[in-house]
Every structure is written in C-alpha cells, then in structure tokens.
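J.: For the sequence shown, this note's numbering gives the first residue as 41, with consecutive numbering after it. Each residue gets a CB set at the ideal place from its N, CA and C atoms; glycine is no exception. From a predicted model like this one, the values you see are computed outputs, not experimental measurements. Sharing a structure here in structure tokens format.
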Amino acid sequence: MRVSMIVTCNLCLALRPLLPLMLLLIIVLPDRTFTMSSSFQVERIEEQKSKDNNVVVLTRDATSAMTEEQQECVNDEQYDYLIQARKLIPPPVESIENGDTESADWWMEHSALLQRAWTQWHQQQQQQRSLPPLNVNSILIDHSLHRDVYQTWKEPTLENEERIHRKWEEVLLSTTSKTTMTKTTMPILNYDNDTIKQEQEQEQHEVFRYQNFLTPEGVQVLRDHLDSITYDSGIPTRRPNAMNRHGLLLDPTVPGGVGGNLPIHNFLDILVRDFVRPLGRSFFPTFCGNSEDDIKHYAFTIRYGDDGHDPLSTTETGGDLELKEHSDASIISLNINLNLPDEEYTGSSLYFVQDDGDKKERREFNFESGTALLHRGMTRHGSIPLQSGQRNNLVIWLHGKDGYVRTSSYEKHEQLTVSERWSFI
41 MRVSMIVTCN
51 LCLALRPLLP
61 LMLLLIIVLP
71 DRTFTMSSSF
81 QVERIEEQKS
91 KDNNVVVLTR
101 DATSAMTEEQ
111 QECVNDEQYD
121 YLIQARKLIP
131 PPVESIENGD
141 TESADWWMEH
151 SALLQRAWTQ
161 WHQQQQQQRS
171 LPPLNVNSIL
181 IDHSLHRDVY
191 QTWKEPTLEN
201 EERIHRKWEE
211 VLLSTTSKTT
221 MTKTTMPILN
231 YDNDTIKQEQ
241 EQEQHEVFRY
251 QNFLTPEGVQ
261 VLRDHLDSIT
271 YDSGIPTRRP
281 NAMNRHGLLL
291 DPTVPGGVGG
301 NLPIHNFLDI
311 LVRDFVRPLG
321 RSFFPTFCGN
331 SEDDIKHYAF
341 TIRYGDDGHD
351 PLSTTETGGD
361 LELKEHSDAS
371 IISLNINLNL
381 PDEEYTGSSL
391 YFVQDDGDKK
401 ERREFNFESG
411 TALLHRGMTR
421 HGSIPLQSGQ
431 RNNLVIWLHG
441 KDGYVRTSSY
451 EKHEQLTVSE
461 RWSFI
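Okay, here's the thing in structure tokens:
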C-alpha cells in the first residue's frame, strides 16, 4: 500500500520535532494515510480499495473547512469596531428644543464602541491620505488676520490689539459711541460708576464680523474633512446641540461625539488657543476677566436645508429650517459660514437682539462664505426660515470647566491685562 505524507503548513521548520512521530505512524499503521494540517493536528484519512485495486481516499467534508474560515471572520468582526458601529441604527432626532438629552442613554451605551470605531477609521484615513492637510495657517485663515494675530502673540501690546480690532466690523451697534480699545486704554481714575455700567451694557450687545475669516481654500479644505466624516465614515453621530438636529458634534468627550483624534480636532484646538480665546478676551474684557472663564470649548457644525443624504430627516427639506431666538451656553461664540462660494441659499438670515429695557431692537443680516461672527453667548439671536438651498456653519463655544458660563462682569482692576489675554494661562 502506497503511503503519502502531505505537509500543508508554511512553517516547515516548526514541524521538524514531529518527524519521528510521523515515521512511527508510518511503521505502525502502514495501511493508513495521514495529513498534517496548518493547525498542527494529525488527521487520519481512511482508504478503501475499489474493485480494480485503485486506492480511493475519503477526506473530510469540505464544509468543515469553510466553517473554520467563517469562524475566523466572526472572530475578526468582534475586533472590527468600524463594522460593528456601521451596523448600529441610531435613534431618530426629533426635538427642536431641549434636545441635548434626547436618546442620551443610547449614546452612552454605545460610546466606547463608537470611539474605537473612530480610531479605526482614522487609521484607515491615514493610510489612504485622501484628504488635504488641515492646518491653521495663512492659506486657510485670512493672511492679514493670521499675520497680525501671531504678531500680537509675539508682542502683546494695546497697539497690536487695536490693529486686529480695526479689521473687524461691528454689525450690532452698541448704545454708546466708545470703542472697545478706548475702554481698555483709559486710566482707571477716569472711570466712574455710570461709565463702567454704560460700557458693560455696550459690551453686552456687541457683535463683530470678519469677512473671509476663512479663505475660499480654507472653506473647501474644512468642508472636505467634515463631509468625509459625515458621509464616508458611516459611523453614527449625535445631534450637535439642544436646538439643531442636523450637523456634527465635534467634541470627543461627549458620548456620540466625533472621536478618534482626527485632524479636525487638532485644527479646532489650535484655532481656539491662538485665535478664538484671545480675541474673545480682547473684545470682551469686562466679561472674560479670568483665564478659567474660557478654558474649555465645545465645537459643532449645523446644517439648514436638505443635503440629499439624510434618511432620518423629519422636515420637508430634509433639515432644520430656522432657529428660534435663544442665547448660547457659552461666554464667547464664534460662528463661521462654511458654504462653498457656489452654494447659494435664500432666507435663513441671522438676527441679533439688543434689549435696552423698554426697547427691543432686532437686526437681521446675511453673512457670506468664510465670514465669521464673534459675540457673547448671552446675546440673544436666531435665524429666519430658510427658503431654498442649504446653509452650513461651524460654531465654537467657549466656557469654563464643567460647562460653567459666567454672566456677571468684572471690575476694571479685576480684568486681564493685555499680556494675560495673549498667553496660555
């Protein structure tokens, strides 16, 4: 009887210790054929003689080998968090007020899985390198503003601050004619109680606008990254805030927020540290008078109108249409229009409210692609209904630890100095 030895393991050297055993089997059982599998198990293959004395080898059913392969796939999937996350069906978003706790238990339950999925997706993105670099530089940020901001970081003086202030337009007129820099440069002895109160009221109503805060290229690059997160990752994301239902929650510390230490997170950290925080302190020194007041930030995107991708949309256009009058949960808010230059829309104008006791003034205006608005979170605002198209925005809120938002003002002697405003304290 012919005896065959089939060795199918790639690690041949590892099989050398088994050769004596195999020789023994050949001697003891000369009428049996054996095969060595890749799992290092010796399997007996029965032989039968046909009528013409030919040897017929009866092997195991091939389905058993397929079962092992399927089991390996199952085991792999247990560690493929991205596959698991994409199979999740998130709860629908419905509330247009107080929606920050909507389905909170579901997002908490799946938080660990989602964070692992974001990390895995980020690793895939790094290998593919399909997205353009996202950096806080003069290519993405207006060159003039970028230059003056970093010059002020090098030389934090009132003159350099004033150079930055002149680039911003005050779009919600205050109740007095004093400018912000007049307040910061006047000697303390010239201040009386009425003047301080008047200036506190002035700061409370100021809204500043910067055209082309983001360059057209900056808007495009930022949208590329955000759209990839939204449409390519396939990972469920939580609603951005209590009132907006459509957009991205970009805070990885909140269950359901975009995680994974993506380039967008590094971009936001630097943008807040180098631009938003010192600008907020500089424009609103009466209210940002302590380094703990704005130590944390919360960032998100919002979308008004239909993008054609959202199967969970609950309005006729697929997205939110308007935003009721409200105040933000922040001490400082920065709002940037992320529409591409060719993405037009009608309606959806923003309005801000100035409340002077018996008189309530509402100012409405549009802001174009790349334009930024800077204001106190307590300044009430909203948006009128969208008529056509789509509007996209990036919003950054500054606040203290654990969501603390200070609303009372600081006395002149308590406020940060210009050097403290432009420092990492």
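For Trp437, report the span of its beta strand (DSSP E) as first-last.
T.: Arg431 to His439
J.: Could you check what DSSP says for Gln455 in three-state terms: helix, strand or coil?
T.: Coil.
J.: Could you work out which residue in Arg126, Asp188, Tyr338 and Val294 is closest to Asp368 when comparing CA atoms only?
T.: Tyr338
J.: By DSSP's criteria, Phe405 is part of a beta bridge. Which residues make up the other side?
T.: Leu390
J.: On a CA-only basis, which of Glu332, Leu438, His265 and Asn306 is nearest Gln165? Give me that one, please.
T.: Shortest Cα-Cα distance from Gln165 to any of Glu332, Leu438, His265 and Asn306 involves His265.
J.: Would you check if the distance between the CB atom of Ile424 and the CB atom of Ser389 is smaller than 9 Å?
T.: yes
J.: Check for me: the alpha helix (DSSP H) holding Asn375 runs from which residue to which?
T.: Asn375 -> not in any alpha helix (DSSP H); beta strand (DSSP E) instead, spanning Ile372 to Asn377.
J.: Near Leu302, what residues of its chain come up, given a Cβ to Cβ distance below 6 Å and the 5 sequence neighbours on each side ignored?
T.: His162
J.: Quick one, are the C-beta atoms of Leu374 and Val316 less than 9 Å apart?
T.: yes
J.: Is there at least one Cβ from chain B nearer than 9 Å to Thr293's Cβ?
T.: The chain labelled as chain B is not found in the depicted structure, where only one protein chain is given.
J.: Drop a sphere of 10 angstroms on the beta-carbon of Tyr190, count the other beta-carbons inside from all chains shown, and report buried for 16 or more, exposed for fewer.
T.: exposed
J.: Cutting at 7 Å between CB atoms, please list the residues of its own chain near Glu112, excluding the five before and the five after it.
T.: Only weak support exists for where Glu112 lies, its pLDDT of 47 falling under 50; the value from the coordinates is given anyway. For Glu112, where only same-chain residues beyond five positions count, there are no Cβ hits under 7 Å.
J.: Quick check: the stretch 133-150 against the stretch 273-285, are there 3 or more CB pairs under 8 Å?
T.: yes
J.: Look at Phe324 and Ile376 and say whether their C-beta atoms are less than 9 Å apart.
T.: no
J.: Specify the secondary structure class of Tyr385 as computed by DSSP and reduced to three states.
T.: For Tyr385, the three-state secondary structure derived from DSSP is strand.
J.: In terms of alpha-carbon separation, which member of Arg321, Gly345, Ser459 and Ile123 lies closest to Gly287?
T.: Gly345
J.: I think Phe405 touches Val211, with their Cβ atoms under 8 Å apart; what is that distance to the nearest whole Å?
T.: 6 Å
J.: In the DSSP assignment, find the alpha helix (DSSP H) that holds Leu308 and state where it starts and stops.
T.: Pro303 to Leu311
J.: By the DSSP assignment, the beta strand (DSSP E) with Thr341 in it spans what residues?
T.: Lys336 to Tyr344
J.: Taking DSSP as the reference, what is the three-state secondary structure of Arg126?
T.: helix
J.: From which residue to which residue does the alpha helix (DSSP H) around Phe323 run?
T.: Per DSSP, the continuous alpha helix (DSSP H) segment holding Phe323 begins and ends at Arg317 to Phe323.
J.: Taking the alpha-carbon positions, what's the Gln167 to Lys194 distance?
T.: 37 Å
J.: With a threshold of 7 Å on Cβ separation, who are the neighbours of Ile310 within its own chain once the five nearest residues in sequence on each side are excluded?
T.: Val176
J.: Between which two residues does the beta strand (DSSP E) containing Gly258 stretch?
T.: Gly258 -> not in any beta strand (DSSP E); alpha helix (DSSP H) instead, spanning Pro256 to Asp267.
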